[in-house]
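For reference, the structure is listed below as structure tokens.
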Amino acid sequence: MECCHWTAAGTLLLASLILSSRTARSEEDRDSLWDAWGSWSECSRTCGGGASYSLRRCLSSKTCEGRNIRYRTCSNVDCPPEAGDFRAQQCSAHNDVKYQGQLYEWLPVSNDPDNPCSLKCQARGTALVVELAPKVLDGTRCYTESLDMCISGLCQIVGCDHQLGSAVKEDNCGVCNGDGSTCRLVRGQYKSQLSASKLDDTVVAIPYGSRQVRLMLKGPDHLYLETKTLQGVKSENSLSTTGSFLVENSSVDFQKFPDKEILRMSGPLTADFTIKIHYAGAADSSVQFIFYQPIIHRWRETDFFPCSASCGGGYQLTSAECFDLRNNRVVADQYCHYYPENIKPKPKLQECNLDPCPASDGYKQIMPYDLYHPLPRWESTPWTACSSSCGGGIQSRSVSCVEEDIQGHISPVEEWKCMYTPKMPVVQPCNIFDCPKWLAQEWSPCTVTCGQGLRYRVVLCIDHRGMHTGGCSPKTKPHIKEECVVPTPCYKPKEKLPVEAKLPWYKQAQELEEGTAVSEEPSFIPEAWSTCSVTCGVGSQVRLVKCQVLLSFSQSVADLPIDECEGPKPVSQRACYSGPCSGEAAEYTPEETQLLYSSLQELDELYDWEYEGFTECSESCGGGVQEAVVTCLNKQTREIADETLCVSSRRPPQLLKACSLDPCPPR
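Per mature numbering (1 follows the signal peptide of the UniProt record, and there is no 0): the sequence shown = residues -26 to -1, 1 to 641.
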């Protein structure tokens, strides 16, 4: 009977089908052996994160596979500061129970690496550590700086999302599963500078909401705290002893050693903290600090502004406003510009009110803006002159929003209409290169071979490129001569005054310091001084001063009209001294000495430049600038004189100052 014969392949297939059927039934039987899960129990804690459990019953007389209990976290809200530590509460519950015939006040022993879920406590004032219970209550933290909690005596992983078994963690900013973009790392070092007039100094200001604060002071000085809450309440803490304590509800851990102090605050800080140092010794101290500062000001996109037309098609824009996350208030844009991480969102543009206007015969074509109805745009005035010729200054300009109609007429409009593109800056730095500085050369030999004489040196004015130039302040110029003494005794009458240098050396010291190189900017170029008008005694010298410019293409020098050069024109006449007229005698009367020195020094001018107040602010709100007014004054009568009388003096640099910093009211 062939119909009843099984092949080997058929037998294997049948066995596979039977096994698969039994496996499916066994899984169903396993699930059906359990009763449904029961309701969740009451939470083990009312705050600070506890545990709740649910049970199920095995319906089979045999052993059921799987667990009959499951857990979840609960009461995941912060406890009030006065509630205290949960592990400490469990230790203190044994204070009225005698241990080995004696009562103790028990304190918690945390962060046990071997068994973090046992209740180990230490008797206050002793080294006695006892395990008072094999298991802490469910919901007790395994470690002080972790969310992991003990459940049934075992440490269970808890993520920042408060889910059991979750590996999600907070970033350095305190954001669960965040990317670290809501805060910035601040690290630095402070070195004390002892001063007889200062007893303390500010190390660093740490704002509200900062985290993971750590400071280490090395040296004899002492740290202390100043705080200011968001309500403006100020307080001070001297940090006199080692310990952990609360300052404005922020936990502070302070350690004091003979040669250093360590301050830690896990945060987030609930007030603005200012760390200060009190000078206590003659040696210098250094403070290293690191913390994560929250970005408390962020850009927030606004709703669309009103449509530019009531009918027939218009446009409307969104903008961005700077928002203070601490008090939910809109603040000036400059607060958001402080953080490089803050990127201002670009405005959005959309068409609006597309319905035809009644007066247009029921129809109006909406033309593309870029061809027939150009979008409003920013326009600016030219930059002002730089406030300083070197060393860093500022220059400003006005920026306004304008709109062009179909006929090409340009008119100013509200600024919000241009907010779809960034507003051009109104202030920028300029001339940031270093100012010219005096450079003194080596001293010459003494003018005598014995006794008291003089020595000279060349003093050059060097610019930021290392080239010899002008523009150095006469007030800071090093002196070009000084007295010198040769220890060899003189066998002749002692000279009344130091012997002056010979003419060539003194002439070199004067001329080298005043040379000016031709540049691509029009500038005054003085030629060499003429010979002295006398062969002995005090005379005068003259020179030609030209306005010249370097033509970069041909590398040639061109003469310009004098009024093309800015700034004071160098003097064209000066006094000179050609040595004594009576042979080589080097002795002078007091009157001759006074005449000699007064002739060689620059004469005091009767007229000079002075600042006379400031102009009105360029803006009424939102930030503007004021310019200092410079006038030419008669120094004796204090009367304003014609500016040409001050041409021999260097005009002081332009000064600008900020004004009207209050934000403009919303429109």
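Beta carbons are placed, not taken as given, at the ideal position from N, Cα and C, and that holds for glycine.
Computed from a predicted structure; not experimentally measured.
- Closest in alpha carbon position to G24, among S49, W14, P319, is S49.
- Looking only at L33, R41, E105, the smallest Cα-Cα distance to Y27 is reached by R41.
- DSSP places C435 outside any alpha helix (DSSP H); the residue lies instead in the beta strand (DSSP E), whose first and last residues are 433 to 436.
- Boundaries of the alpha helix (DSSP H) around A62: 60 to 66.
- With 16 or more other Cβ atoms from the protein chains shown falling within 10 Å of its own Cβ, P82 counts as buried.
- Sequence-distant Cβ neighbours of P268 in its own chain, meaning closer than 6 Å and more than five residues away, are C157, G183.
- Put simply, the backbone Cα of S504 is about 21 Å away from that of S497.
- Only buried fits C17, as 16 or more other CB atoms lie within 10 angstroms of its CB.
- If one requires a minimum length of 3 residues, the beta strand (DSSP E) runs lying completely within the region 8 to 49 are 24 to 29, 43 to 48, in chain order.
- Of all alpha-carbon atoms in V261, T244, V221, the one lying nearest the alpha-carbon of K234 is that of V261.
- Rounded to whole angstroms, the Cβ separation of F265 and Q186 is 6 Å, and the two are in contact under 8 Å.
- When only Cα atoms are considered, V531 and A257 end up about 59 Å apart.
- Classified as buried, G148 has 16 or more neighbouring CB atoms from the shown chains inside 10 Å of its CB.
- Under the three-state reduction of DSSP output, K322 falls in the coil class, being neither helix nor strand.
- Here Y309 carries a helix assignment [DSSP, helix/strand/coil].
- When beta bridges are read from the DSSP output, D174 appears opposite H252.
- Judged by DSSP in its simplified three-state form, D537 adopts helix.
- Pairing D408 with C364 gives a Cβ-Cβ distance under 8 Å.
- For L213, same chain residues with a beta-carbon under 6 Å away, outside a window of 5 residues either side, are L197, Y198, F228 in chain order.
- Here G288 is actually not in contact with C331; their C-beta atoms are around 11 Å apart, not less than 8 Å.
- C-alpha of D437 to C-alpha of S293: approximately 46 Å in a straight line.
- DSSP places K391 within a helical segment (H, G or I) once states are collapsed to three.
- Note that the C-beta distance between C91 and C38 is not below 8 Å.
- Note on R115: 16 or more other CB atoms within 10 angstroms of its CB, so buried under the neighbour-count rule.
- Assigned with DSSP and collapsed to three states, K234 falls in strand.
- In the structure shown, P448 falls within a helical segment according to DSSP collapsed to helix, strand and coil.
- Boundaries cannot be given for R98, as no beta strand (DSSP E) includes it and DSSP labels it neither H nor E.
- D145 and D135 do not touch by the CB rule: their CB atoms are close to 13 Å apart, not below 8 Å.
- Per DSSP, the beta-bridge partners of W273 are C296.
- Minimum Cα-Cα distance from D52 among the listed residues G22, G206, T176, C464 corresponds to G22.
- The Cβ atoms of G598 and C638 do not sit closer than 8 Å to each other.
- Secondary structure note for R158: its beta strand (DSSP E) is the uninterrupted segment 157 to 165.
- As computed with DSSP, G587 is found in no beta bridge at all.
- Cβ contact annotation for E613 (same chain, cutoff 8 Å, sequence separation greater than five): L607, in chain order.
- Approximately 5 Å separates the beta-carbon atoms of P181 and D246; this is inside 8 Å, confirming the contact.
- T244 places its beta carbon less than 8 Å from that of S224.
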